[in-house]
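Some notes on the structure that comes next.
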Amino acid sequence: MVMKKMREYTKEFLIILVLAFVGTIIFNWGMNITGIRHRKGIIGEINGEKIRIEKYYQALQRQMEAYRQKTGQEIGEREWSFLEQQVWENLIQEILLQQQIRKYHITVTDKEVVFQLKNNPPEILRTNESFLTNGKFDFRKYHDALRNPQNDWRPVEAYLRTMLPYEKLQQVVTASVRVTPNEVKWEFMKRNLKAKVKYVFFDPRHFQDKKIEISDAEIRKYYQANKEKYYEVEKRRIEYVVFPIVPTSSDSLSVWASARDLIKRIKDGEDFAELAQVYSEDPASAAKGGDLGYFGRGSMVKPFEDAAFAARPGEVVGPIQTQFGLHIIKVEDRKRENNKEQIKARHILLKFKPSNDTIENIKAKAIYFADMAKRIGFDEAVNHDSLQVQTTPLFPHKDLIPGIGFQRDIVKFVFKGRLNESNEEPFQTDQGFIVLKIAEIQKARTKPLKEVKTDIENLLRSERRKELARQWCAQERQKMHNSEDFEVVAAADSLPVKEVGPFSMIDYVPGVGRESQFNGTAMKLDIGEISLPVETMKGYYLIKVVEKTPFDEETFEQQKNRLYARLLQAKRQQAFKDWYDTLKKNAKIKDFRQNI
23 MVMKKMREYT
33 KEFLIILVLA
43 FVGTIIFNWG
53 MNITGIRHRK
63 GIIGEINGEK
73 IRIEKYYQAL
83 QRQMEAYRQK
93 TGQEIGEREW
103 SFLEQQVWEN
113 LIQEILLQQQ
123 IRKYHITVTD
133 KEVVFQLKNN
143 PPEILRTNES
153 FLTNGKFDFR
163 KYHDALRNPQ
173 NDWRPVEAYL
183 RTMLPYEKLQ
193 QVVTASVRVT
203 PNEVKWEFMK
213 RNLKAKVKYV
223 FFDPRHFQDK
233 KIEISDAEIR
243 KYYQANKEKY
253 YEVEKRRIEY
263 VVFPIVPTSS
273 DSLSVWASAR
283 DLIKRIKDGE
293 DFAELAQVYS
303 EDPASAAKGG
313 DLGYFGRGSM
323 VKPFEDAAFA
333 ARPGEVVGPI
343 QTQFGLHIIK
353 VEDRKRENNK
363 EQIKARHILL
373 KFKPSNDTIE
383 NIKAKAIYFA
393 DMAKRIGFDE
403 AVNHDSLQVQ
413 TTPLFPHKDL
423 IPGIGFQRDI
433 VKFVFKGRLN
443 ESNEEPFQTD
453 QGFIVLKIAE
463 IQKARTKPLK
473 EVKTDIENLL
483 RSERRKELAR
493 QWCAQERQKM
503 HNSEDFEVVA
513 AADSLPVKEV
523 GPFSMIDYVP
533 GVGRESQFNG
543 TAMKLDIGEI
553 SLPVETMKGY
563 YLIKVVEKTP
573 FDEETFEQQK
583 NRLYARLLQA
593 KRQQAFKDWY
603 DTLKKNAKIK
613 DFRQNI
């Protein structure tokens, strides 16, 4: 049974695990595309090593299939953009790491594979229910399966043979990583030492109404010293027309007819669950035969709820229209739980969506308009057909287009095109088919002073208010000569004293936030000691510690080995990531995807 499941996904098992492993050691350690051509069949180069287009699209297809299996849905435009980039980054990682494996002459022996198979099985096996006892991995069960000659372990061996070189590479790269006893002790203190404090906050907004003059000379000086902050990459703006892809009345009537046909088949004796698996467009429940489990009132949209709760167990009702489409509902059971009625039901969802003919008709209109825009100009074509034009603000060269979303193909066209150029082939998006014109090109530049003068003036005014808050805080601190003075001085000057805690070095502090300077200062103070002014993003604080947990040597001894292991793993993760980032930065990477 165990190996039968494994054989069902042998190939995917290897592909997914290897790609996941490569990505993990770096970052966590812890559509129809077959018709696309490239004249040389090469989509990129990594240090001279070519990436063939077939390899890239095979990886895309695998990721798309994994997405479909996980979500039960086709991939959308936004997800497609992310997926494309993820696949590209995965290929870069794979090739760069393989180059390093060859550089260090890293190999794996049969003996090493067998040792790993026996003593360190992959996580996918450690979590396999067949090898669990009381929720924990049971080596006895696992070794029994290893000894069973009917089980085919070749897929796992192949995976280990592929994975182990990456593990060895990580060991080479992180061999010099060390964790000192002081680091372990500090980690323990950050998590376990806690303090309760009283504090007074000196808020720069106290001076909000104070007139603060900022001279032009100060503004110019700041601008000249910080010009790099006001550098802008090239930006472009587009005007575009959307041809929405929406179902026609004929499409809707077809969905109604399909729903009535399914109801007839159910009444004629066909199994509801089997029909749901085949026809339902609710990915969450279709795989379970449309099973929604038990639910009470308020859990579903009202038309669905009203129909379901009005039906008797065994009754099939529908079609019921909601914003999601048409539902056919079968109520299977009723019960009362916590004095509230619940029902168990299945459903089949049919969505209202455009047919292929409808999509082709809409696309034909978009193509006609795009052709006209090329012949007589975008603006003239818009006026000729009285179409609505939408406009974006200026945006930089990245996949997110304001008002449109993640559209890598559109971005590539816009930033390669000329001013007033329009696209010959409409872009298909979630909104519909888009025909656009490049309406404005703003070259890379440093914003002139006149554009940022008000921003700089407001920034300098905020800094001046914060300095006034610091001076105020320092003056109050000078009045506090001993511990008791904290409350006395605060009361005399009408300053509210607040108490908070206990909290640790890494805790969020209510009323203060996540301010490392506040937490760190509190941990360094003795009981009764008053801090010097403590600067945070929001303003300044005076802190007095009223309680503090002592360092617990016994607890530290119990935790130090676990803390050491955690710190070592974290430092190795970071060391490997830093090494890889440098490796990638220095690599000669050529991306030809824009030529596809």
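Sequential numbering of the sequence shown, starting at 23, is according to the working numbering. Idealized CB from N, CA, C, for every residue including glycine.
Taking the C-alpha atoms as reference points, what is the distance between residue i and residue j?
i	j	result
Tyr-262	Gln-464	18 Å
Ile-285	Ile-73	52 Å
Arg-282	Ser-276	10 Å
Phe-43	Tyr-89	For Phe-43, the pLDDT reaches just 47, beneath the cut-off of 50, and the residue's location in the model is therefore unreliable, although a value from the coordinates is still provided. Between Phe-43 and Tyr-89, the C-alpha separation is close to 18 Å.
Asp-452	Asp-431	14 Å
Gln-429	Glu-254	21 Å
Met-502	Thr-558	21 Å
Ala-544	Glu-235	36 Å
Ile-398	Ser-103	33 Å
Leu-113	Asp-293	46 Å
Asp-603	Phe-229	45 Å
Ile-47	Gln-595	Because the pLDDT of Ile-47 is 44, which lies under 50, any placement of that residue in the model is unreliable, and the number read from its coordinates should be weighed accordingly. About 7 Å.
Ser-505	Tyr-586	38 Å
Lys-190	Trp-601	15 Å
Ala-330	Glu-363	12 Å
Pro-415	Thr-129	54 Å
Lys-546	Lys-212	11 Å
Taking the alpha-carbon of residue i as reference, which of the options has the nearest alpha-carbon?
i	options	result
Phe-455	Trp-278, Thr-476, Ile-384, Ala-308	Ile-384
Thr-196	Arg-259, Arg-615, Ile-611, Ala-592	Ala-592
His-349	Arg-356, Glu-189, Met-322, Asn-361	Met-322
Lys-251	Ser-152, Arg-615, Lys-469	Lys-469
Glu-76	Glu-363, Arg-84, Asn-69	Arg-84
Leu-409	Ile-528, Arg-319, Phe-265, Lys-546	Phe-265
Lys-357	Glu-382, Pro-325, Lys-375, Arg-319	Arg-319
Gly-561	Asp-603, Lys-488, Thr-184	Lys-488
Glu-71	Asp-603, Tyr-79, Gln-115	Gln-115
Gln-299	Gln-493, Gly-311, Gly-66	Gly-311
Gly-425	Thr-413, Val-433, Lys-434, Pro-418	Thr-413
Leu-118	Ile-528, Asn-608, Trp-278	Asn-608
Phe-598	Val-199, Ile-365, Phe-614, Asp-507	Val-199
Ser-280	Lys-324, Phe-346, Ile-370	Ile-370
Gln-246	Asp-477, Leu-372, Asp-379, Leu-471	Leu-471
Tyr-126	Ile-146, Val-194, Met-86	Val-194
Asp-401	Ile-260, Thr-184, Asn-480	Ile-260
Can you give me the Cβ contacts of residue i inside the same chain, cut-off strictly under 7 Å, excluding the 5 residues immediately before and after it?
i	result
Val-457	Tyr-262, Val-263, Ala-388, Phe-391, Ala-392, Ala-395, Ser-444, Asn-445, Pro-448
Gly-533	Lys-520, Val-522
Glu-205	Leu-589
State the DSSP-derived secondary structure class of residue i, mapped to helix, strand or coil.
i	result
Val-522	strand
Arg-84	helix
Arg-356	strand
His-406	helix
His-349	strand
Glu-228	According to the sequence as given, residue 228 is His; it is not Glu. Looking at His-228 - three-state DSSP - the assignment turns out to be helix.
Phe-508	helix
Leu-297	helix
His-165	helix
Arg-486	helix
Ile-552	strand
Val-338	strand
Tyr-221	strand
Val-411	coil
By Cβ distance below 8 Å, which residues in the same chain neighbour residue i in space, the five residues on each side in sequence not counted?
i	result
Ala-498	Note that residue 498 corresponds to Glu in the displayed sequence, not to Ala. Once the five neighbours on either side are set aside, the close Cβ partners of Glu-498 are Val-222, Phe-224, Val-511, Ala-512, Asp-515, Leu-517, Leu-564.
Ile-55	In this prediction, Ile-55 scores a pLDDT of 37, lower than 50, which makes its location untrustworthy; the coordinate-derived value is nonetheless stated afterwards. For Ile-55, where only same-chain residues beyond five positions count, the Cβ hits under 8 Å are Tyr-79, Leu-82, Gln-83.
Leu-139	Leu-168, Trp-175, Val-178, Glu-179, Leu-182
Lys-232	Arg-487, Leu-490
Ile-64	Lys-72, Ile-73, Arg-74, Ile-75, Phe-614
Trp-278	Pro-341, Leu-348
Glu-337	Lys-352, Val-353
Val-621	The structure shown has nothing for residue 621, since the chain only spans 23 to 618.
Val-474	Tyr-245, Tyr-252
Arg-483	Ile-234, Ile-236
Keeping to the same chain, check which residues put their C-beta closer than 6 Å to that of residue i; ignore five residues upstream and five downstream.
i	result
Lys-340	Position check: residue 340 holds Gly in this sequence, whereas Lys was assumed. Hits under 6 Å: His-349, Ile-350, Ile-351.
Glu-537	Thr-558
Leu-590	Val-201
Ile-552	Met-502, Phe-508, Lys-566
May I ask you to check if the CB of residue i is nearer than 8 Å to at least one heavy atom of the ligand SAM?
i	result
Ile-288	With respect to the ligand SAM, the structure shown offers nothing to examine, as it has no ligands at all.
How close, in whole Å, do the beta carbons of residue i and residue j come, if the pair is a contact with beta carbons under 8 Å?
i	j	result
Val-411	Arg-258	Wrong, their Cβ atoms sit about 16 Å apart, outside the cutoff.
Leu-314	Arg-227	That belief does not hold up - the Cβ atoms of Leu-314 and Arg-227 are roughly 51 Å apart, past 8 Å.
Ile-460	Leu-441	6 Å
Phe-508	Lys-220	7 Å
Ile-478	Ile-241	5 Å
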